[in-house]
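20 is the number of the first residue of the sequence shown in my numbering; add one for each residue after it.
Note that beta-carbon positions come from the ideal geometry of N, C-alpha and C, so glycine has one too.
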Amino acid sequence: MKSLRELYGRGRALLRGLPGTDPALESRLLLQAASGIGPAAFWSSPEAGVPGAVERRFLALIARRRARFPLAYILGEREFWSLSFAVTPAVLVPRPETELLVEKALAFAPRGKAALIVEIGTGSGAVAVALARELPDARIVATDISRRALAVARANAARHGARVEFAATDLLRGLTDRFGPAGADLVVSNPPYVAEGEWPSLPPEVRREPKRALVAGPTGLEFTRRLISGAAGLLRPGGRLLFETGRGRARASLRLFDAAWDEKQAFKDLRGIDRVVAARKRAG
Ligand SMILES: C[S@@+](CC[C@H](N)C(=O)[O-])C[C@H]1O[C@@H](n2cnc3c(N)ncnc32)[C@H](O)[C@@H]1O
Numbered sequence: 020m021k022s023l024r025e026l027y028g029r030g031r032a033l034l035r036g037l038p039g040t041d042p043a044l045e046s047r048l049l050l051q052a053a054s055g056i057g058p059a060a061f062w063s064s065p066e067a068g069v070p071g072a073v074e075r076r077f078l079a080l081i082a083r084r085r086a087r088f089p090l091a092y093i094l095g096e097r098e099f100w101s102l103s104f105a106v107t108p109a110v111l112v113p114r115p116e117t118e119l120l121v122e123k124a125l126a127f128a129p130r131g132k133a134a135l136i137v138e139i140g141t142g143s144g145a146v147a148v149a150l151a152r153e154l155p156d157a158r159i160v161a162t163d164i165s166r167r168a169l170a171v172a173r174a175n176a177a178r179h180g181a182r183v184e185f186a187a188t189d190l191l192r193g194l195t196d197r198f199g200p201a202g203a204d205l206v207v208s209n210p211p212y213v214a215e216g217e218w219p220s221l222p223p224e225v226r227r228e229p230k231r232a233l234v235a236g237p238t239g240l241e242f243t244r245r246l247i248s249g250a251a252g253l254l255r256p257g258g259r260l261l262f263e264t265g266r267g268r269a270r271a272s273l274r275l276f277d278a279a280w281d282e283k284q285a286f287k288d289l290r291g292i293d294r295v296v297a298a299r300k301r302a303g
């Protein structure tokens with residue numbers, strides 16, 4: 020029987036050289052997943068023997084990772100906003116930079132009243148659930164065109180006791196009737212913003228994520244354009260639209276706002292990339 024330490028070393032060696040991988044971290048996480056042990060037992064009993072069935076399971080997980088399956092899909096989990104989210108290949112793996120969208124939404128959310136916040140394209144539900152946890156009095160509605168994604172998002176909301184209403188719809192279709200004339204305070208989105216031509220050059224892990232979650236069309240701005248015009252009809256005067264954008268796309272995104280908007284701005288992420296764009300629907 021091999022020990023945890025031996026298998027951990029074998030996993031590290033097998034993952035060495037895989038682009039964008041931390042072999043030590045990934046070997047440990049995959050070994051923990053295969054054996055069902057937690058980090059404390061892993062570090063305190065490295066000489067513990069590992070049954071053959073666990074070794075085979077571990078090597079199968081390593082093989083999937085070497086075949087460039089995203090680690091989050093193999094583990095079925097990803098942390099976002101310090102919460103653990105279930106992820107499946109039906110949803111985009113939540114990215115750390117998207118936490119800036121949550122941060123800015125919290126900064127713009129009205130206080131002292133039950134805010135109405137709409138998230139478009141919720142995927143795993145990470146953004147909507149994080150907002151619901153931070154703003155327990157807000158009404159949060161999250162949409163996606165993918166029913167399979169919405170099933171994952173619903174499970175994540177239940178897991179975290181977050182009160183979120185979900186709707187299967189194309190962008191904002193049907194939402195205006197649902198809210199009545201008062202309008203939403205905030206519309207937030209991490210929309211697909213990759214251009215069709217960029218898809219083939221993305222890392223294999225990214226191409227295992229739903230293409231519809233990433234690719235917007237020939238320029239990458241198609242979804243954003245529809246989002247801006249739809250949000251103009253959904254927001255109350257003075258309400259804000261906030262959305263994530265990709266490297267080098269913020270300026271083009273800002274140009275999509277017409278005279279119905281003011282206070283247009285972009286916010287940088289920790290790497291100095293303009294990552295979140297925000298604008299206010301003119302107050303009158
Ligand atoms: C970039 S992912 C964002 C997922 C999640 N909000 C996050 O930040 O991790 C974009 C999401 O938009 C959804 N989507 C794509 N086209 C849509 C449409 N026409 N209407 C509504 N949602 C759409 C995709 O299914 C996907 O879940």
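In the DSSP assignment, the beta strand (DSSP E) including residue i goes from what residue to what residue?
i: S220; result: Where S220 is concerned, there is no enclosing beta strand (DSSP E), given that its DSSP letter is neither H nor E.
i: I81; result: Careful: I81 lies outside any beta strand (DSSP E), inside the alpha helix (DSSP H) at G71 to R85.
i: D196; result: It is not in any beta strand (DSSP E) - D196 instead sits in the alpha helix (DSSP H) that spans L194 to F198.
i: S272; result: Counting along the chain, S272 falls outside any beta strand (DSSP E), though it belongs to the alpha helix (DSSP H) covering A269 to L273.
i: F61; result: Where F61 is concerned, there is no enclosing beta strand (DSSP E), although the alpha helix (DSSP H) it sits in stretches over P58 to S63.
Could you give the residue range of the alpha helix (DSSP H) that holds residue i?
i: L119; result: E118 to F127
i: V148; result: A145 to E153
i: A91; result: L90 to L94
Which one of the options has the shortest CA to CA distance from residue i?
i: E184; options: V225, T117, T141 and D204; result: T141
i: A170; options: K21, S143, L194 and T195; result: S143
i: G55; options: E74, V213 and T117; result: E74
i: R167; options: A157, T188, R158 and A151; result: T188
i: L135; options: P200, A82, L78 and A235; result: P200
i: V295; options: L34, A128 and L119; result: L119
Taking all protein chains shown into account, decide if residue i is buried (16 or more other Cβ within 10 angstroms of its Cβ) or exposed.
i: L44; result: exposed
i: A53; result: buried
i: G267; result: exposed
i: R84; result: buried
i: A251; result: buried
Could you round the C-beta distance between residue i and residue j to whole angstroms and report it? I think they count as a contact, below 8 Å.
i: Y92; j: P108; result: 6 Å
i: V148; j: A181; result: 4 Å
i: A285; j: L240; result: The pair is not a contact, with the Cβ atoms about 14 Å apart (cut-off 8 Å).
i: P256; j: R301; result: 7 Å
i: P89; j: R226; result: In fact, because the Cβ distance is near 10 Å, the residues do not count as touching under 8 Å.
i: S304; j: L34; result: No answer is possible for residue 304: the residues shown for the chain start at 20 and end at 303.
i: K123; j: A297; result: 6 Å
Per DSSP, residue i is paired with what?
i: Q284; result: A297
i: K21; result: V69
i: A203; result: L254
i: T162; result: I139 and A186
i: F99; result: L102
i: E263; result: V295
i: G236; result: A214
i: S46; result: Note: S46 sits in no beta bridge, so no partner.
i: S208; result: I139 and F262
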